[in-house]
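Below: the structure, in structure tokens.
Number of protein chains: 2
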Amino acid sequence: MSTKPTMKEVAAAAGVSVMTVSRAFRSDASISDDTRERIRNVADELGYVFDAVASNLRSQRSGFVAVTIPSINNANFADTVAALSGRLDPAGLQVLLGRTNYDMAEEERLIGQLLRRQPEALVITGGHHTERARRMMQNAAIPVIETWDLPQEPLGNVVGFSNADAMRVMVAHLSARGYRKIAFIGGDSSFDTRGADRRRGFVTAMQDRGLDPSRLITVGRPPVSMREGAAAMAILLDTLPDTEAVIAVADPAAFGALTECHRRGIRVPDDIAIAGFGNFEISGVSVPALTTIDPFPARMGEQAGELIAGLLRGKVTKNGPTLIEIEPQLVARASTGAG
Amino acid sequence: MSTKPTMKEVAAAAGVSVMTVSRAFRSDASISDDTRERIRNVADELGYVFDAVASNLRSQRSGFVAVTIPSINNANFADTVAALSGRLDPAGLQVLLGRTNYDMAEEERLIGQLLRRQPEALVITGGHHTERARRMMQNAAIPVIETWDLPQEPLGNVVGFSNADAMRVMVAHLSARGYRKIAFIGGDSSFDTRGADRRRGFVTAMQDRGLDPSRLITVGRPPVSMREGAAAMAILLDTLPDTEAVIAVADPAAFGALTECHRRGIRVPDDIAIAGFGNFEISGVSVPALTTIDPFPARMGEQAGELIAGLLRGKVTKNGPTLIEIEPQLVARASTGAG
DNA sequence: CTGAAAGCGCTAACAG
DNA sequence: CTGTTAGCGCTTTCAG
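So the protein lines, in turn, are chains Y and R.
Be aware that the first sequence starts at 1, since it is given in our numbering, and climbs by one per residue.
Be aware that the second sequence starts at 340, since it is given in our numbering, and climbs by one per residue.
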């Protein structure tokens, strides 16, 4: 009673072999319903808890899918993880989540930690990694899926979109509505690689249209907070007051910028237009509602989960890595005079 | 090359025993620095990855702390997890995270899944659980910590606060500022137990002051979204237009309520006051800023982590369960005429 | 500081 | 449908 019971004890109590107990705890094993029922009851009474660690070692299957995200507290990444998790659950796979804090060095450390747990697949947010991290992932001999990006040199499978292209779409939208003096608010690009990609996309898109791409406000380390968005807007209004429209690297920053306008009595979109990225809930609720881009986070999670489930089922059917591109969608709302 | 190298291969390549390789990968083991360095280099060249599964089985230590939260996408819970994780990291403990979706049945299922992985401790959000979940946790023979609540019958350790008392503080604040017709916006209380506790605290506090506690607007399942907060405010303004102040079960709902007022041209706090809970970032950024209550999520995570690290280190020093009560703090801002 | 033997709790592989 | 045997990769334990 003091020590935790094992299958051996359960087997003894039920009058069967250990192997039969093992079968009673798996779904696919061939065992009579009666026996299974009886063994499970005995196990329950003994307070037996299946030991997944021992099972994993012997079967060489951990049931883990390792997942890295920059931040736990981000609705976009959370939606991807929730959808991924929902798709993996029926396949008996559990998500082992780690956060990189938008830091490639931390990502490297984390990947090392996660791989020790023998995950069966690895889903990582982003397509930029340290050399060592790349090597670790390639050596791991498990399916790797990069998401939220369209990497130049994919490690394996990809379920993502082009952050740069998304900004192109947004610049096109603003340009079509007559805005020409457009600014960009973003974080320190040496950290947030997706943010850096968006900034690059903004600059390129502006140049392509013969517009001035130099209205760039850089705040601190990502994620850019609402408060930092407000601070950036304050700087923008003080230093470049003729700016006609602002694109923020993500919706929270865009909302922060909006609040700064409210505080100053500047009308949005009449005096200045504001747009974000991510289609966070706040973009649809704020007054005015914010124009944004929906990258379909849940869809990415589902597709990644689907891909993993398939790859792990048909272990041999490898016809090279899969690339699934998601098309982010412009959501035009009142903050840019639309909707 | 095709199969993953084990310690055996590393040992052979380094010309030492498997045991010595094992020691080279642990921090406390007695081994010369030279040998360790050499072995690690050999291991790196072979692409060796330490197998935590085998290690866990033999040592009977998983290095996992299982943690359940209602939702991944919630800044409050995320802050608790981040702080907890930060405190456990130096102790070599990894967080194994699961989400309950605000559902006690799902929590029960999840706890069962998590316990199979042999976690060394269990941190759960909330103090309400199914009977079966309680039994599983008690049988697990590991430290259990309930957070974000002050349970009537704790399972073991507690690092939390009284949700009901927090509402008492908020009602006192509004009452002191002269508001008497106060409403409460919350979710379906059969799911969100903390929300239900807050509602109960609201009703009791109102009654204690001889105020009418019947202005209760119930929206859908938790978490109550910004949109639902706005919808609830719309109902409130339509059906009980003489309401002077509104308390929302959490800040996002409070912000939603605020936006509904903006849309209708109702001034906050001049026409109606609004307060929330959680001290989410938005409460400090919105215009006007929202009065709220800070439950110090990070502090709870730190304390829980500290407690676990201590319990697992001094395995025998059990002087009964620990209760750490956090005192939530009122943050008075413009939305209730303060600040 | 280093090594040899034994075994953690379960399941693959085979037999019946 | 059920049982026997062996062993997953590491670390505990004991010796040197």
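Heads up, the beta-carbon is just placed ideally off N, CA and C, and yes, glycines get one too.
Predicted, not measured: the structure shown is a model, and the values here were computed from it.
Rounded to the nearest whole angstrom, the C-alpha separation of A422 of chain R and N415 of chain R is 11 Å. Closer than 7 Å to the CB of M476 of chain R there is not a single CB belonging to chain Y. Neighbourhood of E281 of chain Y in chain R, by CB distance below 8 Å: S564, M565, R566 and P591, in chain order. Under a criterion of Cβ atoms nearer than 8 Å, the residues of chain R adjacent to D79 of chain Y are, in order, N412. Taking the Cβ atoms as the reference, A121 of chain Y lies roughly 7 Å from L312 of chain Y, within the contact range of under 8 Å. Within its own chain, no residue has a Cβ closer than 6 Å to the Cβ of A570 of chain R once the five positions on either side in sequence are excluded.
Rounded to whole angstroms, the separation of the alpha carbons of Y518 of chain R and M545 of chain R is 11 Å.
I185 of chain Y places its beta carbon less than 7 Å from that of A248 of chain Y. Using a Cβ-Cβ distance cut-off of 8 Å, the segment 430-443 of chain R and the segment 402-417 of chain R are in contact, since at least three pairs of beta carbons, one from each stretch, lie closer than that value. DSSP assignment within the segment 53-101 of chain Y yields the following whole beta strand (DSSP E) runs of 3 residues or more, N-terminal first: 64-69 and 94-99. Chain order gives no chain R residues near V10 of chain Y, where near means a beta carbon separation below 8 Å; the closest approach is about 14 Å.
Separation of V42 of chain Y and L396 of chain R (C-alpha to C-alpha, rounded to the nearest whole angstrom) is 24 Å.
In this structure, V159 of chain Y places its C-beta atom within 7 Å of the C-beta atom of I324 of chain Y. In this structure, DSSP gives F277 of chain Y a state outside helix and strand, which the three-state scheme calls coil. As the crow flies, the alpha-carbon of R455 of chain R is around 15 Å from that of L46 of chain Y. Put simply, of R:E492, R:P636 and R:R606 the residue whose alpha carbon is nearest the alpha carbon of Q668 of chain R is R:P636. Beyond the five residues adjoining it in sequence on each side, V558 of chain R comes within less than 8 Å, by CB distance, of I524, G525, G526, D527, E567, G568, A570, A571 and A592 in the same chain, given in chain order. Beta-bridge analysis with DSSP links N496 of chain R to R:I484. Around G305 of chain Y, the same chain offers L84, R87 and L88 as residues with beta carbons nearer than 6 Å, after the five sequence neighbours per side are excluded.
With distances taken between CA atoms, P660 of chain R lies nearest to R:I647 out of R:A671, R:T598 and R:I647. V331 of chain Y has a beta carbon lying at 7 Å or more from every beta carbon in chain R.
G112 of chain Y places its beta carbon 7 Å or farther from that of M167 of chain Y.
DSSP, reduced to helix, strand and coil, places Q152 of chain Y outside both helices and strands of the structure shown, so it counts as coil.
If you draw a straight line from the Cα of I411 of chain R to the Cα of M300 of chain Y, it comes to about 17 Å. Counted as a single uninterrupted DSSP element, the beta strand (DSSP E) harbouring Q329 of chain Y occupies residues Q329 to V331. For R264 of chain Y, not one C-beta of chain R is nearer than 7 Å to its own C-beta.
When the five nearest sequence neighbours on each side are left out, the beta carbons in the same chain lying within less than 6 Å of the beta carbon of V224 of chain Y are those of G187, V249 and A253, in order along the chain. When rounded, the separation of the alpha-carbon atoms in K347 of chain R and M358 of chain R is 9 Å. Put simply, of Y:S335, Y:T3 and Y:P119 the residue whose alpha carbon is nearest the alpha carbon of M170 of chain Y is Y:S335. Burial is judged here by how many other beta carbons sit within 10 angstroms of a residue's own beta carbon; D390 of chain R has at least 16 and is buried.
By the CB criterion at 7 Å, I274 of chain Y and A289 of chain Y fall outside the cutoff. Shown here, A628 of chain R sits in coil according to DSSP, grouped into three states, outside any helix or strand. For G386 of chain R, the C-beta contacts it makes with chain Y under 7 Å involve N139, in order along the chain. Around the beta-carbon of Q491 of chain R, fewer than 16 other beta-carbon atoms lie within 10 Å, marking it exposed. Of the other Cβ atoms in all chains shown, 16 or more fall within 10 Å of the Cβ of R554 of chain R; this residue is therefore buried. In this structure, the beta-carbon distance from N279 of chain Y to V331 of chain Y falls below 7 Å.
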